[in-house]
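In terms of numbering that gives the first Met the number 0, the sequence shown opens at residue 0 and continues consecutively. Down below is the structure, laid out as structure tokens.
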Amino acid sequence: MMFTRARKFCACPKLLVGALALCAITATLNAQTNAVYVQSNISSTKGNSILGFSNDGAGNLTPLPNSPYLTNGTGWGLLRGQKLGIQNDSDDQIVINAAKDLLFTVNAFSNTISTFKINPDASLTLLGQPVPSGGTMPASIALLEGLQSGNALMVVVNKSADPNQNNRKLPNMVSFTVTPDGVVTPNTTSKVNFNSGDGPSQAVILPGNMVVVDVQAAQPSYLAGYRLHSNGTFEALTNIDAPPGDTVFLGMVQSPVSKYFYAAFPEQGLLGVYSYVASAGTISMVTDVATTGVLPCWLAVSNNGKHLYSGDTMSGTISFFDVSDPTKPAFKQALKLSTDVGNGTPWNVALDPSGKFLYAITGLALHVINIQADGSLMELTTPLKLDLPPGTLPYGLATVLK
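Quick look at the structure:
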């Protein structure tokens with residue numbers, strides 16, 4: 000009996016160690032990577048890339064395996080002594096599909112689109128070669144998914160606003176068909192041309208296959224609405240001008256829970272609210288609200304549709320609005336960004352999938368900003384300095400949980 004009892008007691012630690020090891024293996028297998036991607040926008044020939052980082056849940060970023068990932072394309076840049084125009088006035092330069100297995104990005108100087116496979120560890124693998132964007136200086140990508148064919152439609156806005164490109168084409172919007180495995184094919188009859196100098200900056204796809212384009216630099220600046228058909232062609236629906244005064248549109252985001260979208264008026268420091276009726280193809284302005292931030296441009300909205308954030312370029316702030324009632328947005332906060340790294344001037348903003356962090360690019364810095372339970376913001380960590388050549392102008396943000 001004593002011998003048997005001793006054997007039982009000796010076996011218990013082994014069983015415990017085995018159980019702990021199994022738990023550790025299970026936890027490793029179930030671990031998810033909270034990733035954020037930034038486009039380097041390097042302007043040396045075929046030097047453009049995507050920088051990938053994982054967030055440890057406390058806001059600390061670590062490069063993903065084998066990052067950066069070359070796009071085999073070329074970004075835009077400034078020549079010595081050249082001043083910045085509207086080249087960076089765009090959004091959605093990087094997008095990820097709903098299945099979270101494909102990432103698409105623009106190459107603004109080589110006028111191409113690159114496609115990556117998102118691997119289980121959130122690292123990227125370039126798929127094939129970049130495809131021509133169908134115009135000059137591709138600036139924004141939007142995806143229409145869930146088609147009966149199993150394919151998706153990709154909408155690309157070509158801004159044509161790079162003074163360093165010769166033989167620039169008219170700015171335009173075109174579409175591509177994308178297969179589930181990432182093959183991108185142009186729809187040759189899909190082009191919509193804009194006037195020279197119009198500088199369209201972003202496309203947003205609303206329910207009902209409705210596409211809204213922010214035609215930023217037109218006189219007057221306006222939103223253009225189209226129906227995107229399953230063959231990739233566009234049907235013009237409506238145009239709505241910016242309100243009277245020195246006003247331009249720059250920055251849009253759709254509410255995920257209601258038939259509204261938001262648009263920024265940087266020069267007046269306003270956030271506009273628009274309703275839409277997809278079946279009728281109509282857009283109507285509802286209201287606008289002021290922020291203390293100067294030049295609000297880049298917008299992001301929480302998954303529950305209650306909190307909206309704008310990157311305010313001139314004041315170096317992130318504004319927070321309560322949009323629980325989308326028809327009555329309430330300005331709550333303007334967080335001044337750290338200038339310990341970068342220039343403190345936000346170009347793009349994006350929410351992480353957990354809703355706990357907001358990312359912002361400011362020059363060569365990537366900020367990780369904590370989001371409190373009430374939606375307010377605190378910057379608790381020093382911005383990450385991006386390892387890029389001096390003078391590089393990174394832009395574009397996308398996030399994924401793998």
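For every residue, glycine included, the Cβ atom is placed at its ideal position computed from N, Cα and C. Please read these numbers as outputs of a predicted model, since none were measured by experiment.
DSSP, read as helix, strand or coil, puts Q86 in coil. As computed with DSSP, V212 is found in a beta bridge with A202, A223. Here DSSP, grouped into helix, strand and coil, assigns P295 to strand. Per DSSP, reduced to three states, the secondary structure at Q267 is helical. As DSSP reads the structure, V348 sits in a beta bridge with A359.
The beta carbons of A262 and L222 sit closer together than 8 Å. In summary, V276 is exposed, with fewer than 16 beta-carbon neighbours lying within 10 Å of its beta-carbon over all protein chains present. The criterion of a C-beta distance shorter than 8 Å is satisfied by L334 and E378.
Looking from the CA of L294, the closest CA among D321, Y259, L249, L336 belongs to L249. Annotation for Q128: N71 place their beta carbon closer than 7 Å to its own, counting only its chain and skipping 5 residues before and after. A check of alpha carbon separations from Q92 across S113, T344, D55 identifies S113 as the nearest. 8 Å or more divides the Cβ of A97 from the Cβ of A34. Taking 8 Å as the cut-off, the beta carbon of P185 is found closer than this to the beta carbon of G133. Of the residues N302, P345, S109, the one whose Cα lies closest to the Cα of K45 is S109. The three-state reading of DSSP puts Q92 in coil, since its state is none of H, G, I, E or B. Inclusion of V154 and L227 in the CB contact set at 8 Å is warranted, their separation being smaller than that value.
Looking at I282, K355, N59, the one whose alpha-carbon comes closest to that of V210 is I282. For E378, no beta strand (DSSP E) encloses it, and the DSSP letter there is neither H nor E. Shown here, F320 sits in a strand according to DSSP, grouped into three states.
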